[in-house]
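> In mature numbering (1 follows the signal peptide of the UniProt record, and there is no 0), the protein residues as written are -24 to -1, 1 to 156. Here a beta-carbon is modelled for each residue, glycine too, at the ideal position from N, C-alpha and C.
1) Please go through the same chain and pick out, in chain order, the residues whose beta-carbon is closer than 7 angstroms to the beta-carbon of residue 141, but skip the five residues on each side of it.
2) In whole angstroms, what separates the C-alpha of residue 129 from that of residue 34?
3) Distance check for residue 152 and residue 22, CA to CA, integer angstroms please.
4) What's the C-alpha gap between residue 101 and residue 118?
5) State the DSSP-derived secondary structure class of residue 73, mapped to helix, strand or coil.
6) Taking the beta carbon of residue 31 as the centre, do at least 16 other beta carbons fall within 10 Å, making it buried, or is it exposed?
7) Excluding five sequence neighbours on each side, which residues of the same chain lie with their C-beta closer than 6 angstroms to the C-beta of residue 88?
Quick look at the structure:
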């Protein structure tokens, strides 16, 4: 009888742990995010361009977007520094952001609209965020050229980032560096 009660106690503790740690979307607890993404850009005349790649984010202000289809490109954001590396063009463009572009900040600023829908305003831009299984799944907004942008996240890992060095851009010696 004692073994049975002890087993029931362990099951209860484990269940309590799951319920406590697997609850609703809590963006303020996200310190890092890794995911595959599909980014669809639709122009006003309904022309679509689809990009695919991986995204890595780390709080407070580090991001790496690795595009692998239809072109290979890496976009590094560290604070207000933006680096766009285009291997095929053999160049990296360095610029300073006027306003913060940070998906983690966007998620943390989001306000719940209904069960699986959040909205956020960042740099006077409205973003719509849909959740799936309590994780950010689709982010939608209109860019400055009035294109509809949809970013779908897949294979999302929260707070699992192990390698901070991925945010360090080391330019190959054979590329041009452009400062804007």
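On the basis of the coordinates in this document:
1) none
2) 16 angstroms
3) 35 angstroms
4) 8 angstroms
5) coil
6) buried
7) 94
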